[in-house]
Structure formats: C-alpha cells, structure tokens
Amino acid sequence: MIGFLRGTIHEKQAPHVVIDVNGVGYDIETPMSSFFNLPAVGDNILIRTHLVVREDAHILYGFLTEQERALFRSLIKVNGVGPKVALGILSGVSVDDFCLWVSDNNVAALVRLPGIGKKTAERLIIDMRDRLPEQLTGVANVPSGVTIQPASSMEEAISALIALGYKPQDAEKRARAVADTDASSEQIIRSALQSAVKK
C-alpha cells in the first residue's frame, strides 16, 4: 500500500493531479475539497494516498488531510458506495458536515450529493453512524498548501463534475447555471457543488 507521496506537482486537471516523485509521474484522483487547496504546478507537496486495485486498473486516490482519507476509507466499505461515489461525497460536503448529517439522520441533505439516492443515503446513515466517531474524531486536519491554480474552461468544469458522478446533462446544466464570465473552472465546480447541496 502506498501511504503517501512527496514530490512536485507536474499537472493539474480537476479532479486529477500528476505528482512527479523522483522522475516518476503518479496519476492521482482527488476530491474537489483537496483539489481546490493544491499548491501550484511546480510546487512541492505531500499527499496522503489510498490505492484501489481492480482487475483492469490500479487507481491511486489522494487527499490533503488524514481526515478526508479516513472518511473515504470508511465510505468505500459501505455496500453500494464505490470510490467514485465516495469522491463525490467528499467533493460535495465537508467531513464535519457529513458527520453531522449522519448523526442527525439527514437523508434530505445526503441525497443532494452526486450519486446518492434515498436508499444509499439511508444505508450510509445506518452503516456510518457507529463508525464515524472512532475513525474520524480527533484526526489531524493539516492541509499541504493553499495556492489554487486557475483552470481555463467550462469544459474542464463539466468534465470534472461528470467524473464526480453527475450525469453529463446535469453536469452541464449545473455548471452553466453558476458560470461567471471570468470564473475559472475550479470556481465553477465549487459553485456548482455548493448550489447542489443548498437546494
């Protein structure tokens, strides 16, 4: 298991980041909560990782905080919640708010997240309720950087939303609804995710 990577950011395109570790480029998928806080391309970074091995691929997921990785690992143990859905959850809500929603049995809030229907929301509440305090309470939350690199287009934002679990038409609708003329793709993604949770 690869526990973390320390290297230089070579490329960023939401929700992917490539980290150069001594000349080897590691392609990593991140939740938007981590992606928004990545340092600029060329800067050094330490990112916590979780490796998912499938028959057809080895996929590395990366997180800026141990708290996010702990929640990700808990989420993918829930029946019906895979890594893609777990990334969507982490991209749409903070760890603290997710814990609060589970504790409050807030199905209405959970179903606003990408890839989460009523049955999955109810399963999350049942499966995660007893697991959250011991796995997530008191876990250090230390970001590795706060510089955000502007992205370039509406297409990037839509692609990122699709990668996080939204259907293509829904992703485009949400992105264009919050788009500003001068907004970067990351700002569009952030606004789209926030508007989805508030509705």
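Read left to right, the sequence shown gives residues 10 to 208 (the working numbering).
Glycine residues also receive a C-beta, built at the ideal position from the N, C-alpha and C atoms.
Please work out which residues of its chain come closer than 8 Å, Cβ to Cβ, to residue i, disregarding the five sequence neighbours upstream and downstream, and give them in chain order.
i, result
"Val-94", "Leu-84, Pro-123, Gly-124, Ile-125, Thr-129, Gly-174"
"Met-163", "Ala-184, Arg-185, Ala-188, Ser-194, Ile-197"
Who are residue i's beta bridge partners in DSSP?
i, result
"Glu-38", "His-25, Tyr-70"
"Gly-16", "Ile-54"
"Leu-60", "Leu-69"
Closer than 6 Å by C-beta to residue i: which residues in its own chain qualify, once you throw out the five before and the five after it? Chain order, please.
i, result
"Arg-140", "Ser-83"
"Asn-114", "Ile-134"
"Arg-15", "Leu-55"
"Asp-36", "Val-27"
"Ser-43", "Phe-72, Leu-73"
"Pro-177", "Ile-171"
Around the C-beta of residue i, are 16 or more other C-beta atoms found within 10 angstroms, so that it is buried, or is it exposed?
i, result
"Met-10", "exposed"
"Ala-180", "buried"
"Val-30", "exposed"
"Glu-20", "exposed"
"Ala-201", "buried"
"Glu-4", "What is shown of the chain runs 10 to 208, which leaves residue 4 out entirely."
"Arg-185", "exposed"
"Pro-40", "buried"
"Ser-112", "exposed"
"Val-222", "The requested residue 222 does not occur in the structure, where the chain is confined to residues 10 to 208."
"Gln-76", "buried"
"Arg-183", "buried"
With distances taken from CA atoms, which of the options is nearest residue i?
i, options, result
"Asn-53", "Arg-78, Leu-80, Thr-17, Thr-74", "Thr-17"
"Val-116", "Leu-47, Ile-134, Glu-75", "Ile-134"
"Ala-23", "Ile-167, Leu-55, Lys-182, Asp-113", "Ile-167"
"Ala-49", "Lys-176, Cys-108, Val-27", "Val-27"
"Val-62", "Leu-119, Gln-203, Gly-91", "Gly-91"
"Leu-170", "Gly-101, Trp-110, Leu-109", "Gly-101"
"Tyr-70", "Arg-132, Asp-136, Phe-13, Met-137", "Phe-13"
"Val-88", "Glu-38, His-25, Asp-136", "Note on residue identity: the sequence assigns Asn, not Val, to residue 88. Of the listed residues, the one whose Cα sits closest to Asn-88 is Asp-136."
For residue i, which residues from the same chain have a beta carbon less than 7 Å from its beta carbon, with the 5 sequence-adjacent residues on both sides left out?
i, result
"Arg-78", "Arg-57, His-59, Phe-72"
"Gly-97", "Leu-122, Pro-123, Gly-124, Leu-173, Gly-174"
"His-67", "Leu-60"
"Val-187", "Ile-197, Ser-200, Ala-201, Ser-204"
"Glu-131", "Val-116"
"Gly-51", "Thr-17, Ile-18"
"Lys-86", "none"
"Val-120", "Gly-126, Lys-127, Ala-130"
"Leu-99", "Pro-40, Ser-42, Glu-77, Leu-80, Phe-81"
Next on the checklist: I'd like the ranges of any beta strand (DSSP E) spanning at least 3 consecutive residues and lying wholly in the segment 68-122.
Outcome noted: none
Item to check | Sequence ranges, alpha helix (DSSP H) only - wholly within the segment 171-202, length at least 4 | outcome: 177-187
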